[in-house]
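Working notes, beginning with the structure itself.
Protein chains: 2
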Amino acid sequence: MLCFGTLVLKFSREMGKIFHVVSLKHLLLVSVALNVSLILRVINISEKKILHSNSAHVSKNIQLSSSSLTSFANARIEAQNGEERVINLDHGDPTMYEKYWQQEGDKTTIVIPGWQSLSYFSDVSNICWFLEPEFAKEVVRLHKVVGNAITENRHIVVGTGSTQLFQAALYALSPQDALEPISVVSAAPYYSSYPSITDCLKSGLYKWAGDAHSFKKEGPYIELVTSPNNPDGFVRQSVVNRNEGILVHDLAYYWPQYTSISFPADHDLMLFTVSKSTGHAGMRIGWAIVKDTEVAKKMTKYIELNTIGVSKDSQLRAAKVLKVVSNSCESSSSEGENFFEFSHNQLATRWELLRLAVQKSGQFTVPEFAPQFCTFLRRDFKPQPAFAWLKCEQEEVNDCESFLRSKKILTRSGKHFGFSPKYIRISMLDRDQNYNLFVQRLSNIISS
Amino acid sequence: MLCFGTLVLKFSREMGKIFHVVSLKHLLLVSVALNVSLILRVINISEKKILHSNSAHVSKNIQLSSSSLTSFANARIEAQNGEERVINLDHGDPTMYEKYWQQEGDKTTIVIPGWQSLSYFSDVSNICWFLEPEFAKEVVRLHKVVGNAITENRHIVVGTGSTQLFQAALYALSPQDALEPISVVSAAPYYSSYPSITDCLKSGLYKWAGDAHSFKKEGPYIELVTSPNNPDGFVRQSVVNRNEGILVHDLAYYWPQYTSISFPADHDLMLFTVSKSTGHAGMRIGWAIVKDTEVAKKMTKYIELNTIGVSKDSQLRAAKVLKVVSNSCESSSSEGENFFEFSHNQLATRWELLRLAVQKSGQFTVPEFAPQFCTFLRRDFKPQPAFAWLKCEQEEVNDCESFLRSKKILTRSGKHFGFSPKYIRISMLDRDQNYNLFVQRLSNIISS
């Protein structure tokens, strides 16, 4: 225990440097002596330090001060009653990112006067006439800075989140005069919302056809390729590979906090969202990068019919946030901490804690990933996805979601992802106090 | 001409008082001598006065100053080349309202810090979990202030404009397991987007079935009642009236700038939008007032599937705008000019000008309305809709839209509204310089 205590203190010092990368392999060697709750206590001390070190900035801004101190106080009260509390990790609510944006203060604050953005139109010269030019500019810049997607000679279509763009893509890619709806497939485990979004209106244009692995039907089809994949985090390619296939690449998680950037993606139709890149899910802003002009036109038409465009307020705010992210990457000394370094390190810590908890419990497994070189962070690392795809290894547990619900941990069952209910998806992006309570509780689930 | 000149000067003095209500009946008596372009020149002088009188405020705010002066300068250049310019009044883009919001200065300015609204969730205790409580509060307050809708014991569902809510209503009201899609009807002339929105995905749940007047099919149906109606401005009730009918009331224009408020509307499902009430179309915010809990749940589900909620930024901004509108109604002296008085007077002037131009031209007609008492403005007035439903009376003109296009005036043909192409819809909500150029050009279309 002494040896482990020293290790924990070393770990805490690293935490104090705001989660600088550490090799934690040696921690695994002493897994027998693991005490996750002790680690968490140490993390709490580190969090207090971070909060305290921010106080100079905080005092300049009363709004931040009161809000973050209140939440800090609430977090303490919750921690005391932690054992009673339900931990909801069913949704991928990206509140983990609040910490970074609070730390960066008013850099991303936006002021919108009352007479701004009254018109439906943003840029009548653009195919996507409701796309704010400033937002488009910052999307292009960020992809260049990160190197994760080609934007030259492509159309950008903005959407009310990438969910709307996914539907716009289905509308644009489906033949309008076919005798039957085109099949929409994705390799299981696939994003749980794909089937219900595709089929909710019983469209005559397209129809959910399930797992791409078992798709045998002849003729045209649309394959959704989510890479890295939601829920399991693996990098993916299409699996059907027939010449009548049309591909939609959902690259919501192709950012350096989650996975190595190995090349700028260059697919026909790629979807991105601020919800998962910067954490601003409440903005409801996504974008598509589209090669074909006719497809971009039809996607725009769908969004016109569906919502007559996309909130200008959120586009302007997203433009500012993306700008600050790019600035942080280009000159970290004067422009604040590199956004991706910060969030990468947060997730690295969370994944280490999860693996430690899983090891201590002995009842679960999580995916093992191979490291890969990241052209953006310029080092090798293993994927650290936004979701953990956890398997209940106990023979008697067939429904892992129910099992964890009995422990007051809400997750999403594998069955919603076209997979076994022995698996569950867990959000890795919740606030610290929730996440820490979760790993603590998980580590205490031991064989009876 | 002298007599008319005096009249015009009187009219211009009234304009100088920022469009206070005047009885203009006597103007019609001298219609033979009408010179619309002279009136417009006088209005231009009045506009300059208004802009000048705002300069004290403007100087406090560089952003407003530069933006409005630039547009003012541009307007002058455009006016010089007015005859060459295409006037686009096809869309109901509500830029007329910019003037009021500029006049009110920073009352509706909103500041959003970077760490706000990261979560998908707004209020997990509400059926509509993405509804910002502050927005809901201001919606309820405004309806109480104006007296145009009952909100007590109703659910509020927020949408990305009322267009999304219309689709949410179709989803919620359609039987999920019917053998064939439910019929969706509306009395012609109906809103031109209803058919294309309803049928764009070839839904198996619902199907556009055309003009409600000629709908004879037995069984359940959904009837859309737009009141006041888009395009013609008449107050409406359902026309099918069979017991299996389900009604959706689109009340986007049931506000005192357009029509008399005669009672608080109390229908099962009512749709409203900021685009037409306050003019903030770029926000993409609408709301539904819903009696039935299950319907509210299903509408929420649709919006969850369609866009995972609604922009928080725009909801917060809309809350502030509605608050300022309510404040302006409750104490006009300290809280700025009553929003509805201001915009009512703007539209009153525009309708007078339109009727004068129509009379001078002799080639067109517009609807005649009966006056009705308004419980909000506490006086009788005739409807002054957001659109003019204009008819080409020339025998040789069958396609009014093409005819006006040849005069470089873009409008929407009656055929899109399930009606005769001898009719067109014209937006009454464009900016002053565009609208004034339009009436001037219309007045000059005379029989050859």
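Those protein sequence lines, which keep their order, are chains A and B.
Numbering follows the UniProt record's numbering, with no gaps: position 270 of the first sequence is 270.
Numbering follows the UniProt record's numbering, with no gaps: position 347 of the second sequence is 347.
Quick reminder that beta carbons are idealized off the backbone N, C-alpha and C, glycines included.
Predicted model only: the values in this text are computed from it and were never measured.
- For the stretch 346-361 of chain B, the set of positions with a beta-carbon nearer than 9 Å to some beta-carbon of chain A is empty.
- Burial is judged here by how many other beta carbons sit within 10 angstroms of a residue's own beta carbon; Asn436(A) has at least 16 and is buried.
- Put simply, the backbone Cα of Gln116(B) is about 9 Å away from that of Asp313(B).
- Taking a beta-carbon distance threshold of 8 Å, Ala281(A) counts as an interface residue toward chain B.
- With the rule of 3 Cβ pairs closer than 8 Å, the stretch 156-166 of chain B counts as touching the stretch 276-286 of chain B.
- A distance of 8 Å or more separates the beta carbons of Ala172(B) and Asp211(B).
- Take the alpha-carbon of Pro228(A) and the one of Leu142(A): they are about 19 Å apart.
- Of the residues assessed, Thr95(A) falls on the buried side of the cut-off, its CB having 16 or more other CB atoms within 10 angstroms.
- DSSP assignment within the stretch 100-144 of chain B yields the following whole beta strand (DSSP E) runs of 3 residues or more, N-terminal first: 110-112.
- With distances taken between CA atoms, Ile87(B) lies nearest to Arg441(B) out of Arg441(B), Ile445(B), Ile446(B) and Ser447(B).
- Looking from the CA of Lys202(A), the closest CA among Tyr191(A), Gln346(A), His213(A) and Val184(A) belongs to Val184(A).
- Among the CB atoms of chain A, one or more fall inside 8 Å of the CB of Trp101(B).
- Identification of residues in the stretch 430-445 of chain A having a C-beta nearer than 7 Å to some C-beta of chain B yields an empty set.
- Residue contact with chain B for Ser183(A): absent (no Cβ-Cβ distance below 8 Å to any residue of chain B).
- The contact set of Leu305(B) on chain A, defined by CB atoms closer than 7 Å, consists of Ser196, Ile197 and Cys200 in chain order.
- Positions of the beta strand (DSSP E) runs, each at least 3 residues long and wholly inside the stretch 246-331 of chain B, are given as 269-273 and 286-290 in order along the chain.
- The beta-carbon distance between Asp380(B) and Phe373(B), rounded to whole angstroms, is 5 Å. This is short enough to meet the 8 Å contact definition.
- The closest CA to that of Asp177(A), considering only Leu205(A), Ser196(A), Tyr194(A) and Ala168(A), is found on Leu205(A).
- Interface annotation for the stretch 160-175 of chain B against chain A: Thr160, Gly161, Thr163, Gln164, Gln167 and Tyr171, criterion Cβ-Cβ distance under 8 Å.
- Relative to the Cα of Glu134(B), the nearest Cα in the group Val248(B), Glu104(B) and Lys323(B) belongs to Lys323(B).
- Ranked by Cα distance from Asp250(A), the first of Asn243(A), Gly233(A) and Glu294(A) is Gly233(A).
- As the crow flies, the alpha-carbon of Trp129(B) is around 5 Å from that of Asp123(B).
- Residue environment: Pro189(A) is assigned as buried (16 or more neighbouring CB atoms within 10 Å of its CB, all protein chains considered).
- Cα atoms of Leu247(B) and Leu269(B): separation of roughly 7 Å, rounded to the nearest angstrom.
- For Ser162(B), the enclosing alpha helix (DSSP H) covers residues Gly161 to Leu173.
- When CB distances to chain A are screened at a threshold of 9 Å, not a single residue of the stretch 230-255 of chain B falls below it.
- Looking at Met299(A), Glu294(A), Lys391(A) and Gln384(A), the one whose alpha-carbon comes closest to that of Gly159(A) is Met299(A).
- Note on geometry: alpha-carbon atoms of His280(A) and Gly147(B) lie some 37 Å from one another.
- Ser196(B) sits in a helix when the DSSP states are folded into three classes.
- His213(A) sits exposed, since fewer than 16 C-beta atoms from the chains shown fall within 10 Å of its C-beta.
- Fewer than three Cβ pairs drawn from the stretch 148-157 of chain A and the stretch 381-394 of chain A lie within less than 8 Å of each other, which leaves the two stretches out of contact.
- Put simply, of Lys407(A), Ser420(A), Val310(A) and Leu410(A) the residue whose alpha carbon is nearest the alpha carbon of Asp399(A) is Ser420(A).
- Bridge pairing for Leu410(A): Asn88(A) [DSSP].
- Annotation: the continuous beta strand (DSSP E) that includes Arg379(A) extends over Arg379 to Phe381.
- Here Ala252(B) is actually not in contact with Thr278(B); their C-beta atoms are around 12 Å apart, not less than 8 Å.
- Here Ile197(A) is near Leu305(B), since their CB atoms are less than 8 Å apart.
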